[in-house]
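Engineer: Numbering (my numbering), first residue to last: 47 to 225. By construction, the Cβ of each residue, glycine as well, lies at the ideal position given by its N, Cα and C atoms.
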Amino acid sequence: SEVKYIGDYAFNKSFVQKIAFDNVQDIGNRAFKDCTKLRTVDIKDTTVNIGTEAFYGCNMMESIRLSQSIQYIGPGAFAECLKLRTVDLSAINQPCNISDFAFYNDIAISDIQFSNNIARLGDACFACMKGVAGNLLTFEFPSHISTGVTEKLPDGTVDTDRDPIGNFCLAGRTNLQHV
């Protein structure tokens, strides 16, 4: 495939059930938002950026494994994926910023695996809304978190001094027992 970029809203609210692509570098904002039938996402080693709310509301997705080349997971990229249980970020082999609300209100998450290359965990990136405890019982912060992280913001500007662990990172996860 010669497709390098999946545009903003490209498959928004479609009934796609599986995606797999080999050469895509960037997944646009809200590209697969509210694809309520999407179960399988195969992100290959060429993908670098996942846009804002790219997979927001994909309620059938149960697990994701992101490739080694991922550098940026946009705001709300996987938010409101209510059946998402497993998040595997262990293959990422370069600095990667997980933006604000990236996995917000994913109440079924029970297993998160990080690589040592996670540079920043954004504000409320694994938080749950008030009144929802979630299934996450144990959370181990990535062993290497940077200081003074540079992050590309949704409007295209760059913030050069973000805190490495954002505010409210795990807020609302009242079932959490070990950190």
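Below 6 Å CB to CB, which residues in the same chain sit around Lys59 once its five sequence neighbours on both sides are set aside?
Structural biologist: Mapped onto the sequence shown, residue 59 falls at position 13. For Lys59, where only same-chain residues beyond five positions count, the Cβ hits under 6 Å are Asp80.
Engineer: Under the three-state reduction of DSSP, which class applies to Ala264: helix, strand or coil?
Structural biologist: The structure shown does not extend to residue 264, since the chain is modelled only from 47 through 225, so no value can be given for it.
Engineer: Counting along the chain, where does the beta strand (DSSP E) carrying Asn143 start and finish?
Structural biologist: If you number the sequence shown from 1, residue 143 lands on position 97. Where Asn143 is concerned, the enclosing beta strand (DSSP E) stretches over Cys142 to Ile144.
Engineer: Tell me whether Lys64 sits in a helix, a strand or coil according to DSSP, three-state version.
Structural biologist: As a working note, residue 64 is residue 18 in the sequence shown. Correct three-state label for Lys64: strand.
Engineer: Cutting at 8 Å between CB atoms, please list the residues of its own chain near Arg85, excluding the five before and the five after it.
Structural biologist: The residue given as residue 85 occupies position 39 in the sequence shown. The residues are Gln63, Lys64, Met106, Met107 and Glu108.
Engineer: Find the nearest neighbour of Gln223 within the set Ile211, Phe187, Pro210 and Leu182, judged by alpha-carbon distance.
Structural biologist: Translated into the one-based positions of the sequence shown, residue 223 becomes position 177. Checking every option, the nearest Cα to that of Gln223 belongs to Leu182.
Engineer: Give me the Cα-Cα distance between Ala148 and Phe187, rounded to the nearest whole angstrom.
Structural biologist: For this step, residue 148 is matched to residue 102 along the sequence shown. For this step, residue 187 is matched to residue 141 along the sequence shown. Taking the straight line from one Cα to the other gives about 16 Å.
Engineer: Just how far apart, CA to CA, sit Glu126 and Phe67?
Structural biologist: The residue you call residue 126 lines up with position 80 of the sequence shown. The residue you call residue 67 lines up with position 21 of the sequence shown. Their backbone Cα atoms lie some 23 Å apart in a straight line.
Engineer: With 16 as the cutoff for other CB atoms within 10 Å, does Glu99 come out buried or exposed?
Structural biologist: Walking along the sequence shown from the start, residue 99 turns up at place 53. Glu99 comes out buried.
Engineer: Would you report the Cα separation of Arg209 and Asn69, rounded to the nearest angstrom?
Structural biologist: For the purposes of this step, residue 209 is taken as residue 163 along the sequence shown, with counting starting at 1. For the purposes of this step, residue 69 is taken as residue 23 along the sequence shown, with counting starting at 1. According to the sequence displayed, residue 209 carries Asp and not Arg. If you take the alpha carbons of Asp209 and Asn69, they lie about 32 Å apart.
Engineer: Taking 7 Å as the cut-off, decide whether the C-beta atoms of Cys171 and Gly218 are in contact.
Structural biologist: Counting from one through the sequence shown, the residue named residue 171 turns up at place 125. Counting from one through the sequence shown, the residue named residue 218 turns up at place 172. Not closer than 7 Å, so no.
Engineer: Following the continuous beta strand (DSSP E) through Arg111, name the residue where it begins and the one where it ends.
Structural biologist: Translated into the one-based positions of the sequence shown, residue 111 becomes position 65. It spans Ser109 to Arg111 - the beta strand (DSSP E) in which Arg111 sits, taken as one unbroken run.
Engineer: What are the boundary residues of the beta strand (DSSP E) that includes Thr220?
Structural biologist: Looking up residue 220 in the sequence shown gives position 174. Here Thr220 belongs to no beta strand (DSSP E), and DSSP marks it neither H nor E.
Engineer: Quick test of your reading: Asn95 and Gln114, contact by CB under 8 Å. State the CB separation rounded to the nearest angstrom.
Structural biologist: Here residue 95 corresponds to residue number 49 of the sequence shown, with the count starting at 1. Here residue 114 corresponds to residue number 68 of the sequence shown, with the count starting at 1. That pair is no contact at about 14 Å.
Engineer: Over what stretch of residues does the beta strand (DSSP E) that includes Leu135 continue unbroken?
Structural biologist: If you number the sequence shown from 1, residue 135 lands on position 89. Unbroken beta strand (DSSP E) run through Leu135: Thr132 to Leu135.
Engineer: Strictly by DSSP, which residues pair up with Asn95?
Structural biologist: Here residue 95 refers to the residue found at position 49 when the sequence shown is read from its first residue. Per DSSP, Asp72 and Tyr118.
Engineer: Using the C-alpha atoms, what's the distance from Ala154 back to Leu216?
Structural biologist: Within the sequence shown, the letter at position 170 stands for residue 216. Within the sequence shown, the letter at position 108 stands for residue 154. So the alpha carbons of these two residues sit roughly 14 Å apart.
Engineer: Considering Val49, what are the terminal residues of the beta strand (DSSP E) in which it resides?
Structural biologist: Looking up residue 49 in the sequence shown gives position 3. Note, Val49: premise wrong, no beta strand (DSSP E); not H, not E.
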